[in-house]
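If you're matching positions, the sequence shown starts at 227 in my numbering and goes up one per residue. Comments concern the structure below.
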Amino acid sequence: MSTLHPATGARQFFRHFVGYLGDAGYSRAEMLKYVWQPHHPSNLHVLGPQRDLDFSKLTVTEQEISDAQEASFAGDRFVDRAFYSNNKTIIVLVPGFTHETLKNLSLHEEVEREDSPHEVLMLSPGAPGEPSQEKLYAQGAGFKLVYARYPRSNADSAHVVPALFDLLHNSVTLRRWVEEEGYRLFFMGYSYGCPLSLELLAGMNSQQFPDEFILKNTQGMLALCGAIGGSYLADDVMRPDSKLMHIPKLVERCRKYPWLSKLAGMPTRQFQDDMEGGVRSLTRAVRQQKMAEYASKLPANLHYFSVSAVLPLSDYKRRWWQFNLDDYTMWLQAKVSDPISIYNDGQVVMTDNLIPHPPHIPAERIVHLGAVRAHHWAVSYKTFNLGKNDFPRRAFYKALMQTVYDTLNQ
Numbered sequence: 227m228s229t230l231h232p233a234t235g236a237r238q239f240f241r242h243f244v245g246y247l248g249d250a251g252y253s254r255a256e257m258l259k260y261v262w263q264p265h266h267p268s269n270l271h272v273l274g275p276q277r278d279l280d281f282s283k284l285t286v287t288e289q290e291i292s293d294a295q296e297a298s299f300a301g302d303r304f305v306d307r308a309f310y311s312n313n314k315t316i317i318v319l320v321p322g323f324t325h326e327t328l329k330n331l332s333l334h335e336e337v338e339r340e341d342s343p344h345e346v347l348m349l350s351p352g353a354p355g356e357p358s359q360e361k362l363y364a365q366g367a368g369f370k371l372v373y374a375r376y377p378r379s380n381a382d383s384a385h386v387v388p389a390l391f392d393l394l395h396n397s398v399t400l401r402r403w404v405e406e407e408g409y410r411l412f413f414m415g416y417s418y419g420c421p422l423s424l425e426l427l428a429g430m431n432s433q434q435f436p437d438e439f440i441l442k443n444t445q446g447m448l449a450l451c452g453a454i455g456g457s458y459l460a461d462d463v464m465r466p467d468s469k470l471m472h473i474p475k476l477v478e479r480c481r482k483y484p485w486l487s488k489l490a491g492m493p494t495r496q497f498q499d500d501m502e503g504g505v506r507s508l509t510r511a512v513r514q515q516k517m518a519e520y521a522s523k524l525p526a527n528l529h530y531f532s533v534s535a536v537l538p539l540s541d542y543k544r545r546w547w548q549f550n551l552d553d554y555t556m557w558l559q560a561k562v563s564d565p566i567s568i569y570n571d572g573q574v575v576m577t578d579n580l581i582p583h584p585p586h587i588p589a590e591r592i593v594h595l596g597a598v599r600a601h602h603w604a605v606s607y608k609t610f611n612l613g614k615n616d617f618p619r620r621a622f623y624k625a626l627m628q629t630v631y632d633t634l635n636q
């Protein structure tokens, strides 16, 4: 059993991230743009009247990066094609809110590139009572990766989670890989995919869902910038005096103007009908209530990991000569959360990224890996709308894989 100190996982991740950045050719000065000091959220004053107002507790120096590099030998880093090929693991990637309307897939640089190290299986819902639709998206020789394209992706989790279970449980290929070929499962949730994954795991563990093979073959879960505790941004956009937009009013306009509905990511009546409930499902009041309901039902034998992103407002590119629609849009969103906490990724405050700690789960099985210097979209997309960010996602992904592997095999 792991006996990790709360900050040990963050120190491991920091060392691995710096190592893989160095392997990719980044200088120490360049690394400063993407890394933060390893920490645990309890080291920070995230919220409240005494909250931190600067980033001095997270700031890293070139010397500290140099020290981490000296403590991390190249031979210690093993996430390569041989590593992927020699491990019978299936990553179940549960993407985020409105993923059905986005032009890019979550972690698309791992999923879509021709030399992907993964065999990627796209799962989409089948007809009622029929197996899930399956598409072999990439044919790498390593880890399997199942991309769970759950339906009604902007709906309340009460609609999504049962459909997500059906999507996975009705997959002929997923069942074969697990039951006949001996693969183990590991969930990776991004954004809204994190609370959905936690609700799913709790539902299977409490026998709400008639699971036959998923949970008993699952090792753990990684929450990537998850809205587990909700989002102050969601709170804001559900209020008539929103600083950004009032979602009910936007839905009303989309129903009136079809051209606007496509631009706003609500191309069908179903998306329009789901939007208010889905955003409300991401508010802090609803997420905190849901968390209180499912936390005691989470399986105690799994390992749970989380990683956050934190980006200062000054880091966003928003000047006319460097205009980037992704950064500008996320900057507008970040200004909603920033007065509440500087430790936010543009959409979610750090403390709401964290896995709950119910008493029946050993504390050492819940590991926070710290934060990277990026916004909410950068950890998953090179571009979300228009523009591009240079966050080193491949080095980030390798560091996550190795840190999780190290912990599971201690």
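No residue lacks a Cβ here, since even glycine has one placed at the ideal position from N, Cα and C. Computed from a prediction, not measured in an experiment: that's the story for all the values here.
- Within the DSSP bridge table, the entry for VAL598 names VAL261, ALA535 as partners.
- For LYS624 against TYR246, the beta-carbon gap comes to about 5 Å, under 8 Å, which counts as contact.
- Contact check for SER532 against LEU459 fails: the beta carbons are separated by 8 Å or more.
- ALA250 is classed as exposed because its beta carbon has fewer than 16 other beta carbons within 10 Å across all chains shown.
- For ASP500 and THR324, the gap between their C-alpha atoms comes out near 10 Å.
- The DSSP-derived three-state label of VAL404 is helix.
- Counting the other CB atoms within 10 Å of its CB gives PRO343 a total of 16 or more, which places it among the buried residues.
- The C-beta distance from GLN359 to LEU634 rounds to 31 Å, too long to fall under 8 Å, and the pair is not in contact.
- The beta carbons of SER522 and HIS586 sit closer together than 8 Å.
- Inter-segment contact for the stretch 559–572 and the stretch 596–609 is present: three or more beta-carbon pairs are separated by less than 8 Å.
- Taking C-beta separations shorter than 6 Å and ignoring five residues to either side along the sequence, the partners of PHE435 in its chain run PHE391, GLY429, following chain order.
- Positions of the alpha helix (DSSP H) runs, each at least 4 residues long and wholly inside the stretch 457–499, are given as 458–463, 473–482, 484–489 in order along the chain.
- A contact between stretches requires three or more CB pairs, one per stretch, nearer than 8 Å, and the stretch 551–558 meets this requirement with the stretch 608–628.
- Counting along the chain, no alpha helix (DSSP H) covers SER268, and no H or E run does either.
- Secondary structure of THR399 (DSSP, three-state): helix.
- No residue range can be given for LEU284, since it is assigned to no beta strand (DSSP E) and is classified by DSSP as neither H nor E.
- Closest in alpha carbon position to GLY274, among GLN628, ARG591, ASP564, is ASP564.
- Taking 8 Å as the cut-off, the beta carbon of GLY596 is found no closer than this to the beta carbon of PHE304.
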